[in-house]
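Inspection log for the structure reproduced underneath, given as structure tokens.
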Amino acid sequence: MSRIRKAVIPAAGLGTRFLPATKAQPKEMLPLVDKPLIQYAVEEAAASGLENIIIVTGRGKNAIEDHFDVSYELEKTLHERGKSDLLQLVRSVSDMVKIAYVRQKEALGLGHAVLVARNLVGDEPFAVLLGDDVIEAETPCIKQMIEVHKRYKVSVTAIMEVPREDTQRYGIIKGHPLAGTDGKIFEVENMVEKPDVAKAPSNLAIIGRYILTPAIFDALEETGKGSGGEIQLTDGLYRLLRHERVLAYRFEGRRYDAGEKLGFLQATVEFALKNHELGPAFRAYLKSLDLN
């Protein structure tokens, strides 16, 4: 089967970059204007035609399950008070897509998080979306990548150019653009997780969107702990390269790194400015600030 039906969204991380805010709540539930971070990833998957979402959770992540579940008491209260617009908004969250959950009992890295979803994914290609990366695009990023997979039938990772001094923060690819793709699709020759700046093979960084063939599971099973003492998905993809092609796709859209404080604040400001209710008043407020 080559049609992409399922998406895995890892959400078991500890969220240490946002402590103490994440001491008692999941990082994935931090609000970006009026939605929790993870909802943006779920909405992107649903808008891309994916039918089943598998969220990999861990201890203390029950709020994620509650958010996407039906809230009978809240819905009853909203109905009784005649707040039909809010009732429809709440119901749209729980009705969006089918979601299943699996536990990552130890925080052993992104590669391990994908691996624990193996039984729910089965023997078919699937998508992976990281909630830390919020991507605003006319065509959803993962939908763009599904089209690439349809054409080539191989694993695809999203990439973007980053400043050379930032390469140590990302998985970095070495590759060459495929003919006839306008420099958007690269044949991956090598990839390295968080290399030293001097050793980075390029400035093309892997971003949190993937289309993966089921062969990735065996590759991850064989992958030992890498950077940070964790099983890295980048390392698993490098091992997969021994057996099949992996492509990298320069997606169209704007990516916000909401997994760190500055990127989260930047996303909050820009999404608030684009909000049809908040935008005008928020823009006026920003203009009134003395930033000298």
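The numbers in my numbering rise by one with no breaks, and the one at position 244 of the sequence shown is 1291.
Idealized CB from N, CA, C, for every residue including glycine.
Cβ-Cβ distance between residue i and residue j below 9 Å
| i | j | result |
| --- | --- | --- |
| D1142 | L1084 | no |
| F1045 | I1146 | The displayed coordinates of the chain run from 1048 to 1339. Any statement about residue 1045 would go beyond what the structure contains. |
| V1161 | F1264 | yes |
| V1103 | A1054 | no |
| I1232 | L1294 | yes |
| G1283 | A1266 | yes |
| I1219 | V1201 | no |
| H1114 | V1149 | no |
| A1205 | Y1087 | no |
| I1056 | I1101 | yes |
| G1271 | A1184 | no |
| E1291 | L1251 | no |
Where residue i sits in the DSSP three-state scheme
| i | result |
| --- | --- |
| V1161 | helix |
| T1281 | helix |
| P1242 | coil |
| H1121 | A small fix is needed here, since residue 1121 is Leu in this sequence, not His. Three-state result, L1121: helix. |
| P1327 | helix |
| G1276 | helix |
| R1297 | strand |
| G1310 | helix |
| M1076 | helix |
| R1256 | strand |
| N1322 | coil |
| L1136 | helix |
With 16 other Cβ atoms within 10 Å as the buried cut-off, status of residue i
| i | result |
| --- | --- |
| R1330 | exposed |
| T1063 | exposed |
| H1159 | buried |
| P1327 | exposed |
| H1196 | buried |
| G1156 | buried |
| P1078 | exposed |
| A1226 | exposed |
| E1112 | exposed |
| Q1135 | exposed |
Length of the line joining the Cα atoms of residue i and residue j
| i | j | result |
| --- | --- | --- |
| D1243 | L1259 | 27 Å |
| E1324 | E1120 | 27 Å |
| A1154 | L1061 | 8 Å |
| G1306 | V1163 | 22 Å |
| F1065 | V1137 | 27 Å |
| K1309 | G1169 | Inspection of the sequence shows that residue 1309 is occupied by Leu rather than by Lys. Roughly 38 Å between the two C-alpha positions. |
| E1091 | K1221 | 28 Å |
| I1193 | A1093 | 13 Å |
| E1127 | D1081 | 23 Å |
| I1253 | A1319 | 27 Å |
| A1262 | E1269 | 11 Å |
| E1236 | L1288 | 8 Å |
| Y1332 | Q1191 | 36 Å |
Reference residue i, options the options, closest by Cα
| i | options | result |
| --- | --- | --- |
| K1070 | R1106, V1080, L1333 | R1106 |
| A1245 | G1276, A1226, E1212, S1095 | E1212 |
| Y1285 | V1144, K1123, Q1215, E1234 | E1234 |
| Q1215 | N1166, Q1072, S1249 | S1249 |
| M1076 | S1095, P1067, G1096, A1110 | A1110 |
| T1228 | A1247, K1241, Y1199, D1337 | Y1199 |
| L1167 | C1188, N1099, Y1257 | N1099 |
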